[in-house]
Amino acid sequence: MMNRLQDKYQNEVVPAMMKEFNYKSVMEVPAIEKVVVNIGVGDAIQNSKLLDEAVEELAAITGQQPVITKAKKSIANFKLREGMPIGCKVTLRRQKMYEFLDKLFNISLPRVRDFRGVSDTSFDGRGNYTLGIKEQIIFPEIDFDKVNRSRGMDVVIVTSAKTNEEAKALLTKMGMPFKK
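Numbering-wise, the sequence shown is residues 4 to 183 according to my numbering.
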């Protein structure tokens, strides 16, 4: 069974992008390769329960078990040692990726307070888009009453686009709500 967003990509986005950018082959059209969702839990140094909560929430939001990320370097000012667990991340591909993006564009982002669209300057020059989310409660899977503290997360959408323009055109056609 094909996801709604995947269906839209193949039947609407690909033909529109081929026309707009004059691609010769369907394979040249940029696609979304993966979505990485990361939660940094800096307070996990003092309290390891916070990390477990973040892992549970991320698993509920994405439907996939997160990987715990560890510190690469020791930083004395933060009382941080190399190898300490300080966050968690999930890499979504294929079906789960499309389901997550569909949910993000159509349900979660519109639930953000005073939401007027996402910034169109968050591209990295290589066709990838990074989005910061301030609170995890915008996702319908998170039970508001069970949340102890508000946690932010980063969502990185990795595309096969070469330029920012191609990536923006791709995400706009996929339904990403950019600022007008």
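Glycine included, every Cβ here is placed at the ideal spot set by N, Cα and C.
Among all the DSSP beta bridges, which residues are the ones paired with residue i?
i: residue 134; result: 158
i: residue 171; result: Residue 171 pairs with nothing; no bridge assigned.
i: residue 90; result: 43, 72
i: residue 83; result: 78
i: residue 38; result: 95, 160
i: residue 121; result: 181
i: residue 142; result: None; residue 142 has no bridge partner.
From which residue to which residue does the alpha helix (DSSP H) around residue i run?
i: residue 52; result: 52 to 65
i: residue 23; result: 17 to 24
i: residue 179; result: Neither: residue 179 is in no alpha helix (DSSP H) and is coded neither H nor E.
i: residue 9; result: 7 to 11
i: residue 103; result: 97 to 106
Could you check the C-alpha separation between residue i and residue j for me, to the nearest Å?
i: residue 19; j: residue 32; result: 10 Å
i: residue 58; j: residue 67; result: 10 Å
i: residue 72; j: residue 8; result: 30 Å
i: residue 69; j: residue 62; result: 6 Å
i: residue 37; j: residue 50; result: 31 Å
i: residue 120; j: residue 105; result: 15 Å
i: residue 142; j: residue 117; result: 16 Å
i: residue 171; j: residue 162; result: 10 Å
i: residue 89; j: residue 53; result: 10 Å
i: residue 109; j: residue 40; result: 17 Å
i: residue 14; j: residue 29; result: 12 Å
i: residue 84; j: residue 45; result: 12 Å
i: residue 16; j: residue 133; result: 21 Å
i: residue 76; j: residue 87; result: 9 Å
i: residue 10; j: residue 160; result: 18 Å
i: residue 145; j: residue 96; result: 22 Å
i: residue 176; j: residue 55; result: 37 Å
i: residue 22; j: residue 115; result: 34 Å
i: residue 101; j: residue 151; result: 29 Å
i: residue 92; j: residue 27; result: 37 Å
i: residue 94; j: residue 25; result: 31 Å
i: residue 181; j: residue 112; result: 11 Å
i: residue 81; j: residue 74; result: 11 Å
- Task: Take every Cβ of the region 165 to 181, pair it with every Cβ of the region 123 to 142, and state whether three or more of those distances are shorter than 8 Å.
- Result: Short answer: they touch.
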